[in-house]
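Engineer:
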Amino acid sequence: MPVYSLGGMRFMQSWDHDAEVTPASDRNVHAIIHHALSLGVNHIDTARGYGTSELQIGRVLKGISRGRYLISTKVTPKGGGARFRDEVIDSIRVLGCDYLDVLHIHGVNNPDLFERAFERGGAMDV
35 MPVYSLGGMR FMQSWDHDAE VTPASDRNVH AIIHHALSLG VNHIDTARGY GTSELQIGRV
95 LKGISRGRYL ISTKVTPKGG GARFRDEVID SIRVLGCDYL DVLHIHGVNN PDLFERAFER
155 GGAMDV
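Take the sequence shown: its letter number 103 is residue 137 in the numbering used here, and every next letter is one higher.
1) Tell me where the beta strand (DSSP E) around L129 begins and ends.
2) Let me check understanding here. Comparing Cα to Cα, which of H77, I91, G130 lies closest to M35?
3) Where L147 and S87 are concerned, what is the direct C-alpha to C-alpha distance, given to the nearest angstrom?
4) Which term fits K108, buried or exposed, when burial requires 16 or more other beta carbons within 10 angstroms of its beta carbon?
5) Under the rule that 16 or more other beta-carbon atoms within 10 Å means buried, what is T80, buried or exposed?
6) What first and last residue would you give for the beta strand (DSSP E) that runs through S106?
7) Need the endpoints of the alpha helix (DSSP H) that H68 sits in, please.
8) Can the beta-carbon of C131 be found closer than 8 Å to that of I105?
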């Protein structure tokens, strides 16, 4: 993994995945990603929970050779293994990638989510 990453949490126009994204917001994300790549920052990080971030990043990545960047996203274990799997698949679709370079289990910051992540059939099994 590179030392520097471009975090995509603040790329989102809205916390709502289905929100309409303005052209100005997309242009901003496009400019930031291309500038980061021009500086040698090639790891882009986002999460399912970051609203429209995956969608907006995916729109930019369509125009960039897959070999030029690493992409990671994060998915919560809250809904169990089947939901985790479905959300990972949806993240890959929304990002427009064939695969993720890194997948994080997101928000494992209390005993309940730790148990959900590691339960039989949970996120780690998936």
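For every residue, glycine included, the Cβ atom is placed at its ideal position computed from N, Cα and C.
Structural biologist: Quick look at the numbers:
1) Position 95 of the sequence shown holds residue 129. Boundaries around L129 are those of the alpha helix (DSSP H), 114-129, since no beta strand (DSSP E) includes it.
2) As a working mapping, residue 35 is identified with position 1 in the sequence shown. The alpha carbon of M35 has as its nearest neighbour, out of H77, I91, G130, the alpha carbon of H77.
3) Taking the sequence shown and counting its residues from 1, the one referred to as residue 147 is at position 113. Taking the sequence shown and counting its residues from 1, the one referred to as residue 87 is at position 53. For L147 and S87, the distance between alpha carbons rounds to 23 Å.
4) Working through the sequence shown from its first residue, we reach residue 108 at position 74. That one is buried.
5) Sequence index remark: in the sequence shown, residue 80 carries index 46 (1-based). Taking every protein chain shown into account, the CB of T80 has 16 or more other CB atoms within 10 angstroms, so this residue is buried.
6) By 1-based counting over the sequence shown, the position of residue 106 is 72. That run of the beta strand (DSSP E) goes 104-109.
7) Along the sequence shown, read from residue 1 onward, the residue named residue 68 stands at position 34. Per DSSP, H68 is one residue of the alpha helix (DSSP H) stretching across 57-72.
8) If you number the sequence shown from 1, residue 131 lands on position 97. If you number the sequence shown from 1, residue 105 lands on position 71. Yes, these two residues count as a Cβ contact at 8 Å.
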